[in-house]
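Keeping their order, the protein sequence lines are chains D, Z, Y and G. In terms of the working numbering, the first sequence opens at residue 67 and continues consecutively. In terms of the working numbering, the second sequence opens at residue 13 and continues consecutively. In terms of the working numbering, the third sequence opens at residue 526 and continues consecutively. In terms of the working numbering, the fourth sequence opens at residue 15 and continues consecutively. Glycine is no exception: its CB is placed at the ideal position from the N, C-alpha and C atoms. Computed from a predicted model, the values in this text were never measured in an experiment. Here is the structure we will look at.
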Amino acid sequence: MSSHAEGSHDASHHHDDSHSPAHYVKIWAVLLVLLGVSLAGPEIGIRWVTLITAFGIAVVKAFLVIKHFMHLTVERKVAQYAIGACFMLMLLFFFAVAPDVMKHWGVNWHNEAASNMKREIERSEHHAPAADQAHAPADGAGHPEASAPAAATH
Amino acid sequence: MLDLFMLQGSSFAGSIDSLVWLVTFIVGTWFVLVEGIFFWLLFRYRKQDGVKAEYFDDGREHAIKHVWIEWPHRAILALDVIIIYGAISVWMEVKMYVPVTDETIRITAQQWAWTFQHAGKDNKIGTADDIILIDEMHVEVGKKYLFELASKDVLHSFSVPVWRLKQDAIPGRVITGWFEPTLAGEYDVQCAEICGIGHGIMPAKLYVEYPEKHAAWLENPAPMLASSNPQ
Amino acid sequence: MMRPIATTRSATGIPTGRLAVWWVIASEIVIFGGLLGGYLLHRFGHPEWATAAAHTNTMAGGFNTFVLLTSSLSAVLAHAAAEKGEGPKAAKYLGLTMLGGLVFLIVKSFEWTYEISHGYTITANTFWSFYYTAAGLHGFHVIAGMVIMGFVAADAMKNRELQRVELIGIYWHFVDLVWIFLFPLLYIAK
Amino acid sequence: MAESPSHAHDGHAHAGHGAHDGHGGHHEESWFVHYFWSTDHKMIAKQYLVTGMLMGVIGAYFAYVFRMQLAFPGKPVPGYGLVTGADYNALVTNHGAIMIFWVAMPVLIAAFGNYLIPLMIGCDDMVFPRINRLSYQIFAISAVLVVASFFVQGGAFGGAWTAYPPLSAKAEYSLTPAGSSLWLIAVALEFVAFLLGGINFVTTAMNSRAPGMKAFDIPIAVWMIVIASILFMASVGPLIAGALMLLFDQMIGTGFFDPDRGGDPILWQHLFWFFGHPEVYVVLLPAMGFVAEIITTFSRKKMFAYKTVLATTFATGLLSFFVWAHHQFIAGIDPRMANVFSVTTVLISVPIAEMCFVYIATLYGGSITFSVPMLWALAFIAEFLLGGVTGIYLGSSGADIYFHDTYFVVAHFHYTFFPIAIIGSFAGMTYWYPKMFGTFMNEAWNKLHFWVTIIGFNGIFLPLFITGASGDHRRIFDYTNFPELDTPELQSLRVLATVSLLVMLVIQPVFLINFFYSMFRGKKAGANPWKANTLEWQAASPPPHGNFPTLPEVYRGPYEFSVPGRDEDYWPQNSPN
Numbered sequence: 067m068s069s070h071a072e073g074s075h076d077a078s079h080h081h082d083d084s085h086s087p088a089h090y091v092k093i094w095a096v097l098l099v100l101l102g103v104s105l106a107g108p109e110i111g112i113r114w115v116t117l118i119t120a121f122g123i124a125v126v127k128a129f130l131v132i133k134h135f136m137h138l139t140v141e142r143k144v145a146q147y148a149i150g151a152c153f154m155l156m157l158l159f160f161f162a163v164a165p166d167v168m169k170h171w172g173v174n175w176h177n178e179a180a181s182n183m184k185r186e187i188e189r190s191e192h193h194a195p196a197a198d199q200a201h202a203p204a205d206g207a208g209h210p211e212a213s214a215p216a217a218a219t220h
Numbered sequence: 013m014l015d016l017f018m019l020q021g022s023s024f025a026g027s028i029d030s031l032v033w034l035v036t037f038i039v040g041t042w043f044v045l046v047e048g049i050f051f052w053l054l055f056r057y058r059k060q061d062g063v064k065a066e067y068f069d070d071g072r073e074h075a076i077k078h079v080w081i082e083w084p085h086r087a088i089l090a091l092d093v094i095i096i097y098g099a100i101s102v103w104m105e106v107k108m109y110v111p112v113t114d115e116t117i118r119i120t121a122q123q124w125a126w127t128f129q130h131a132g133k134d135n136k137i138g139t140a141d142d143i144i145l146i147d148e149m150h151v152e153v154g155k156k157y158l159f160e161l162a163s164k165d166v167l168h169s170f171s172v173p174v175w176r177l178k179q180d181a182i183p184g185r186v187i188t189g190w191f192e193p194t195l196a197g198e199y200d201v202q203c204a205e206i207c208g209i210g211h212g213i214m215p216a217k218l219y220v221e222y223p224e225k226h227a228a229w230l231e232n233p234a235p236m237l238a239s240s241n242p243q
Numbered sequence: 526m527m528r529p530i531a532t533t534r535s536a537t538g539i540p541t542g543r544l545a546v547w548w549v550i551a552s553e554i555v556i557f558g559g560l561l562g563g564y565l566l567h568r569f570g571h572p573e574w575a576t577a578a579a580h581t582n583t584m585a586g587g588f589n590t591f592v593l594l595t596s597s598l599s600a601v602l603a604h605a606a607a608e609k610g611e612g613p614k615a616a617k618y619l620g621l622t623m624l625g626g627l628v629f630l631i632v633k634s635f636e637w638t639y640e641i642s643h644g645y646t647i648t649a650n651t652f653w654s655f656y657y658t659a660a661g662l663h664g665f666h667v668i669a670g671m672v673i674m675g676f677v678a679a680d681a682m683k684n685r686e687l688q689r690v691e692l693i694g695i696y697w698h699f700v701d702l703v704w705i706f707l708f709p710l711l712y713i714a715k
Numbered sequence: 015m016a017e018s019p020s021h022a023h024d025g026h027a028h029a030g031h032g033a034h035d036g037h038g039g040h041h042e043e044s045w046f047v048h049y050f051w052s053t054d055h056k057m058i059a060k061q062y063l064v065t066g067m068l069m070g071v072i073g074a075y076f077a078y079v080f081r082m083q084l085a086f087p088g089k090p091v092p093g094y095g096l097v098t099g100a101d102y103n104a105l106v107t108n109h110g111a112i113m114i115f116w117v118a119m120p121v122l123i124a125a126f127g128n129y130l131i132p133l134m135i136g137c138d139d140m141v142f143p144r145i146n147r148l149s150y151q152i153f154a155i156s157a158v159l160v161v162a163s164f165f166v167q168g169g170a171f172g173g174a175w176t177a178y179p180p181l182s183a184k185a186e187y188s189l190t191p192a193g194s195s196l197w198l199i200a201v202a203l204e205f206v207a208f209l210l211g212g213i214n215f216v217t218t219a220m221n222s223r224a225p226g227m228k229a230f231d232i233p234i235a236v237w238m239i240v241i242a243s244i245l246f247m248a249s250v251g252p253l254i255a256g257a258l259m260l261l262f263d264q265m266i267g268t269g270f271f272d273p274d275r276g277g278d279p280i281l282w283q284h285l286f287w288f289f290g291h292p293e294v295y296v297v298l299l300p301a302m303g304f305v306a307e308i309i310t311t312f313s314r315k316k317m318f319a320y321k322t323v324l325a326t327t328f329a330t331g332l333l334s335f336f337v338w339a340h341h342q343f344i345a346g347i348d349p350r351m352a353n354v355f356s357v358t359t360v361l362i363s364v365p366i367a368e369m370c371f372v373y374i375a376t377l378y379g380g381s382i383t384f385s386v387p388m389l390w391a392l393a394f395i396a397e398f399l400l401g402g403v404t405g406i407y408l409g410s411s412g413a414d415i416y417f418h419d420t421y422f423v424v425a426h427f428h429y430t431f432f433p434i435a436i437i438g439s440f441a442g443m444t445y446w447y448p449k450m451f452g453t454f455m456n457e458a459w460n461k462l463h464f465w466v467t468i469i470g471f472n473g474i475f476l477p478l479f480i481t482g483a484s485g486d487h488r489r490i491f492d493y494t495n496f497p498e499l500d501t502p503e504l505q506s507l508r509v510l511a512t513v514s515l516l517v518m519l520v521i522q523p524v525f526l527i528n529f530f531y532s533m534f535r536g537k538k539a540g541a542n543p544w545k546a547n548t549l550e551w552q553a554a555s556p557p558p559h560g561n562f563p564t565l566p567e568v569y570r571g572p573y574e575f576s577v578p579g580r581d582e583d584y585w586p587q588n589s590p591n
């Protein structure tokens, strides 16, 4: 059930090349490249590209850090199982709670407050002047919003 | 088992009680059986001078385990499946499958009172002739009702023990359910989810009337609570 | 303070300190998991929050990611130096890591002041509540990590308790990991 | 500003300030250091035990007050005065919270965990003594905070120990602005204390075993406490995040759980119960561990199917993460999810039932002496069976529609919590008392205390099963408002329950006096008064600092009783022949 690749099973870190400073700098460089890609991807604006670049690469970066920096993959099985189990529990929690919190209607119930909020905000967006709309570049240049922040209701 | 303690006032009360009987029967026999064996072992193997305790090597332990642990284990698993089947079928009948209903009632809970919006003579909710009463609900025996439950502030729970009906009211949500009263009379509505200091003092009155009396009530829906004469 | 013999034993083959840090990381995963899980559930439930999320400063987030990744590099270089027994060198790298944490916090403080002054406060709407709570809890963990790293670096300077350099390194990489997931969730999901 | 409930991190990488105070010997410790600033796991255990017992007295006092209000509604309660709706809610809320977080967990996990783990696995102390001391100090602060929440403006928090928002989130609904936040910070600090403590327990038990002690030579009590700590650490996280969100809702005005602002009260319920259900197994397992030690010692018999006990414990622990929403069947979750959780909840009865069968099978072929610890351990099994059995009613979703939030539920979880927290603790205290204090408690007074407590306990909760089935709802402070519940028969049952509580409370000072008196005047007890095999009985009573003159080696399992061909009917783990 270990959620990480089967690293070499030597708990003691003898000095093979995987521990030399040069190796770490190489991994760091790869991480920076991935960061660049994950920043560039969303600018294209295509939804699935953003998904792949931003979140997919985050998982790859996470794996690189876990394997090369934290050496979890070469750690004893019991530590890997503990970390993996806790991560699985969070997935369990997410998918078990999703039908109630993520969705706003189900068998014999309807989360009206959430649906009203969505309709209210979408309506307020159509009327708000199109000029300063969300897709203006996010940093710095956005001048103060004409209306109060999007959904401050009270 | 519940019918010993509480009247059965709605159509699905019977199926909930039969489920409770099923669980009582299965679980009761196991309880009596295990406690019996437990106390018998205590008596049989109490310390007697000159008698040493036994030592089970792996072979003997395995033999005992096979008979006294694995078989009960399988039996419990099988009985659990029966209980699960019973529980889910009752749950779907009461909470998931809503039959075609004759009338709708809108129930709103708030800190420390219930508001019931009856459909009125035109039998349609949301029209001018709706009858809105505080802490008082009038229904007709034998009619299927759809209720829409909502809360204005905190969590409450619409609970009618006689009907075996209980559903939490969540602020921001409208939760629907159904009931069909089968027993005329005056019953209690209780709040079953803590809702602040008035949680204990927000009962409501439930009048389940025969058709002609219900029709009479529809004519002049004066709140019954105001008048002192109980039905 | 005489250390108990218990600490020296290692029936699992993992030194006691590192085993404890793995358990700390496991309990932190469930804490951040709960918070980010709640956030994700609400983001999927409320696509309209994207307009609010549009006002987050992606460049600042990106730069902070670069800063944390670099500080992770210096943390692991500190660990490599500590393994070779070079305490002062490890302490220097730990100092660099702490500097990275400081830069991260400074960039974040500018970012937050800009956003708060523009009315996007924690009570503006629930997106901003999650934004400040998640980034705030992460920031708190960065500060806590830097404090402990200060002590470990002080010891490492005198070539003492060098195994702790690796331990605080693992914790720091975890804090970097949380940011690696926090960055796309808060800054890119627009 | 409110203390941030997140981690106090200075303990993380156990940053010592270097061994600056040199070779701090423990012989010339001042009185204050010995009792209040000690890093010895045995002294920290006693600190937890005494704090737990003190909070137990407070929790029992709350129970006395609100049970008197239920039996004699409207009449001022002697020793408290008139109980209003707000008072009642605050008393019930804090009775629940204190009994679980400040009595069951400290006594069962922290006190016995701290005392037994190093001794039973044959090492001199916990791996991180200073973090151990820090965890008690954070725990003591949380205990002070929860008691202080009664004396703040607006009174103590009254929204049930589950603290469901919006009632707990908004002061205008709960009317206890300061009480709610103080209560929440106290609970969050208690979690931090047990996270630090838990990490100490798990690391010590995993790494510091005596040489020769293989995994299956570890006594079941240690296994249980370690698995309980792991369950706690893996389940409390989301609730710590939830507590932070709720604290911001209360104090800053964010809208995490406010439906009008995009939040969702159901999210808190899931965060709470994801922790809530593993939590009840967190307190159950240590009690099961003590019972295992005691029934084997007093029936002079090997633990039946040691590996099965471990297997069922792991199965129960794992399954406990899949059952939490049975607390929310009718609380507004999607009915389809209720079916899933009903299946897992009914199935979790299988491993627990099997564990109880294995315990009972241990008695088969034994030579049982009914000493006081054995009486408590046997009472645990007998009472817990009824608690477990009545859980099936609540686990099957169909029946839970009626039973949810009635006194049937209250009676069910008292038939599980009382054996765990009270009977389990008394079993542990009377069994390890000779080891902790080097003297015996008075046997006769203890037997009187046992019988009166057990009879009193059954007298309280058997009637409550009936009132619950008759429709009595929870947390209602005056049933006269409900005609169906205001009947003489139900009221007489409530009075019977209250009288039984009074009987049970009256006998408790007998134990307390016996407990503190015997420390100084009790009959001296040797190192191994019960002739048991586990390592703590091979050390002196009470064990000196460092526990063993020379740390023991282990040659066999902990339950080699009545081995054929030996004259002695016990075989200590560390004796070579």
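Can you name, in chain order, every residue of its own chain whose Cβ lies under 7 Å from the Cβ of D35(G), other than the five neighbours on each side? Reading the fourth sequence from its first residue, position 21 is the one you call residue 35(G). With a pLDDT of only 35 at D35(G), under 50, the local geometry of the prediction cannot be trusted, and the value read off the model is given with reservation. For D35(G), same chain residues with a beta-carbon under 7 Å away, outside a window of 5 residues either side, do not exist.
Applying the criterion that 16 or more other CB atoms from any shown protein chain within 10 Å of the CB defines a buried residue, is N241(Z) buried or exposed? Numbered from its first residue, the second sequence carries residue 241(Z) at position 229. Reliability of the predicted coordinates at N241(Z) is poor, the pLDDT of 40 falling under 50, and no value is obtained from them.
Cβ-based neighbour list, T467(G), same chain, cut-off 7 Å, excluding 5 preceding and 5 following: Working through the fourth sequence from its first residue, we reach residue 467(G) at position 453. Non-local beta-carbon contacts of T467(G) in its own chain, meaning distances under 7 Å to residues more than five positions away in sequence, involve M518 and I521 in chain order.
Check whether E66(Z) and G442(G) have beta carbons under 9 Å apart: For the purposes of this step, residue 66(Z) is identified with residue 54 of the second sequence, where counting begins at 1. For the purposes of this step, residue 442(G) is identified with residue 428 of the fourth sequence, where counting begins at 1. Between E66(Z) and G442(G), the CB-CB gap reaches or exceeds 9 Å.
Counting only the same chain and skipping the five closest in sequence on each side, list residues whose C-beta sits under 7 Å from that of L510(G). As a working mapping, residue 510(G) is identified with position 496 in the fourth sequence. Cβ within range, chain order: G473 and P477.
For A216(Z), which of helix, strand or coil comes out of DSSP? By 1-based counting over the second sequence, the position of residue 216(Z) is 204. Note: A216(Z) maps to strand in three-state DSSP.
I144(Z) touches chain G at which residues, Cβ-Cβ below 7 Å? Locating residue 144(Z) in the second sequence gives position 132, counting from the first residue. The contacting residues do not exist; I144(Z) stays about 22 Å from chain G at best.
For V546(Y), which residues of its own chain have a beta-carbon under 8 Å away from its beta-carbon, when the five flanking residues on both sides are left out? Working through the third sequence from its first residue, we reach residue 546(Y) at position 21. Around V546(Y), the same chain offers L692, I695 and Y696 as residues with beta carbons nearer than 8 Å, after the five sequence neighbours per side are excluded.
Any C-beta of chain D under 9 Å from that of A121(Z): Reading the second sequence from its first residue, position 109 is the one you call residue 121(Z). No, no contact with chain D.
Could you check if T199(Z) is buried or exposed, using at least 16 other CB atoms within 10 Å of its CB as the buried criterion? For this step, residue 199(Z) is matched to residue 187 along the second sequence. Here residue 199(Z) is Tyr; the residue named in the question, Thr, does not match the sequence. Under this definition Y199(Z) is a buried residue.
For L158(Z), write down the residues that DSSP places opposite it in a beta bridge. Start at 1 with the first residue of the second sequence, and residue 158(Z) comes out as number 146. Looking at the DSSP assignment, L158(Z) forms a beta bridge with T116(Z) and W190(Z).
Measure from the C-beta of V173(D) to each C-beta in chain Z and report whether the shortest distance is under 9 Å. The count along the first sequence starts at 1 and reaches residue 173(D) at position 107. Interface annotation, V173(D): in contact with chain Z, CB-CB separation under 9 Å.
Classification of K107(Z) by the beta-carbon crowding that lies within 10 angstroms, buried from 16 upward: In the second sequence, residue 107(Z) corresponds to position 95, counting from 1. Buried: at least 16 other Cβ atoms inside 10 Å.
Sufficient close CB pairs (3 or more, under 8 Å) joining the region 104 to 117 of chain D to the region 204 to 224 of chain Z: Flag = no, the region 104 to 117 of chain D and the region 204 to 224 of chain Z do not touch.
For the alpha helix (DSSP H) holding C152(D), just list the boundary residues, first then last. In the first sequence, the residue the question calls residue 152(D) occupies position 86. Where C152(D) is concerned, the enclosing alpha helix (DSSP H) starts and stops at K143 to V167.
First and last residue of the beta strand (DSSP E) that includes Y199(Z)? Your numbering for residue 199(Z) matches position 187 in the second sequence. Unbroken beta strand (DSSP E) run through Y199(Z): G197 to C203.
In angstroms, rounded to a whole number, what distance separates the CA positions of V44(Z) and G470(G)? Counting from one through the second sequence, the residue named residue 44(Z) turns up at place 32. Counting from one through the fourth sequence, the residue named residue 470(G) turns up at place 456. Going by the C-alpha atoms only, they are around 22 Å apart.
When the Cα atoms are used, what is the spatial distance from R534(Y) to P84(Z)? Taking the third sequence and counting its residues from 1, one reaches residue 534(Y) at position 9. Taking the second sequence and counting its residues from 1, one reaches residue 84(Z) at position 72. Taken atom to atom, the span from the alpha-carbon of R534(Y) to that of P84(Z) is near 42 Å.
9 Å is my cut-off, CB to CB: does D114(Z) come that close to chain G? Walking along the second sequence from the start, residue 114(Z) turns up at place 102. No, D114(Z) does not count as interfacial toward chain G.
Name the two residues that bound the continuous alpha helix (DSSP H) containing M455(G). As a working mapping, residue 455(G) is identified with position 441 in the fourth sequence. Bounds of any alpha helix (DSSP H) do not take in M455(G), whose DSSP letter is neither H nor E.
Cβ shell of D7(Z) (< 8 Å), same chain only, five flanking positions each side left out: Shown here, chain Z extends from 13 to 243; a query on residue 7(Z) therefore has no answer.
In the DSSP assignment, find the unbroken beta strand (DSSP E) run with A181(Z) in it and report its ends. Numbered from its first residue, the second sequence carries residue 181(Z) at position 169. L177 to A181 is the extent of the beta strand (DSSP E) around A181(Z).
Given a threshold of 16 other Cβ atoms within 10 Å of its Cβ, counted over all protein chains shown, does Q60(Z) qualify as buried or as exposed? Taking the second sequence and counting its residues from 1, one reaches residue 60(Z) at position 48. The residue is exposed, with fewer than 16 neighbouring Cβ atoms inside 10 Å.
Distance, G251(G) Cα to F55(Z) Cα: Position 43 of the second sequence holds residue 55(Z). Position 237 of the fourth sequence holds residue 251(G). In a straight line, the C-alpha of F55(Z) is about 47 Å away from that of G251(G).
Below-9 Å beta-carbon distance, R176(Z) vs any chain D residue: Numbered from 1 along the second sequence, position 164 holds the residue referred to as residue 176(Z). No, R176(Z) does not count as interfacial toward chain D.
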